[in-house]
Amino acid sequence: MKLRVYPIAIAQCYVNKMGFTAVTIPWAEAPTAVATGVVDGWIGSGAVYWWDLFRDVARAATLTYELNEGWHVLFNLDKWNSLPAEYQTIIQEEATKIIDKHLDQVEEEEFYYQQELLDYGWEFADMAKDYPEELAE
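In the working numbering, each residue's number is its place in the sequence shown (first place is 1) plus 29.
Shown next, in the form of structure tokens:
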């Protein structure tokens, strides 16, 4: 089984250790790759993205919650360095506020979209509920 992974070694190793074949595909092409059979599935993201991008090309997911998602605000370094220090500070502070606000909402959002997917006909295998407590620590 081939799974789309993001181009980070830990994701590739994770998929390979589970016995699957890791295939690096740009995120923008992942739904089409699943729909056309280039890959059989993917790892990463959460239910909000599954709902938005994959709801019509997949019908099942395995919940594990062991990989974290990263959020980034990226700038061209020359452009960033050309900004006045006070602008850099404003951008950094506002980006932090946005990310902090999202972190406060992410659990509720995840479960909301999981329910939307269930209502849409998806099935979940919830490996996370049976995760050994000693490993969670």
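The C-beta atom is built at its ideal place from N, Cα and C for all residues, glycine as well.
These numbers were taken from a predicted model, which means no experiment stands behind them.
**Request:** Just mark proline 36 as buried or exposed, buried being the case when its beta carbon has 16 or more other beta carbons within 10 Å.
**Result:** exposed
**Prompt:** Exposed or buried, what is glycine 99 when buried is set at 16 or more other beta-carbons lying within 10 Å of its beta-carbon?
**Reply:** exposed
**Request:** Rounded to whole angstroms, what's the CA-CA distance from glycine 150 to cysteine 42? Just pull it up for me.
**Result:** 31 Å
**Asked** To which residues of the same chain is asparagine 45 closer than 8 Å at the C-beta, ignoring the five residues directly before and after it?
**Response** Ala51
**Request:** Could you pull the start and end residues of the beta strand (DSSP E) that phenylalanine 83 belongs to?
**Result:** Unbroken run through phenylalanine 83: none, as it is neither H nor E.
**Item:** Range covered by the beta strand (DSSP E) that runs through glutamate 32
**Value:** The sequence as given places leucine at residue 32; glutamate does not occur at that position. Start and end: 31-34.
**Message:** Just list the residues that DSSP pairs tryptophan 109 with in beta bridges.
**Reply:** Answer by DSSP bridge pairing: none, since tryptophan 109 is not bridged.
**Message:** Rounding to the nearest angstrom, what Cα-Cα distance links valine 15 and threonine 61 in this structure?
**Reply:** Nothing can be reported for residue 15: it is not among the residues displayed for the chain, which extend from 30 to 166.
**Request:** Starting from the C-beta of alanine 157, find all residues in its chain whose C-beta is less than 6 Å away, skip the five residues before and the five after it, and write them out in chain order.
**Result:** Leu92, Thr93 and Tyr94
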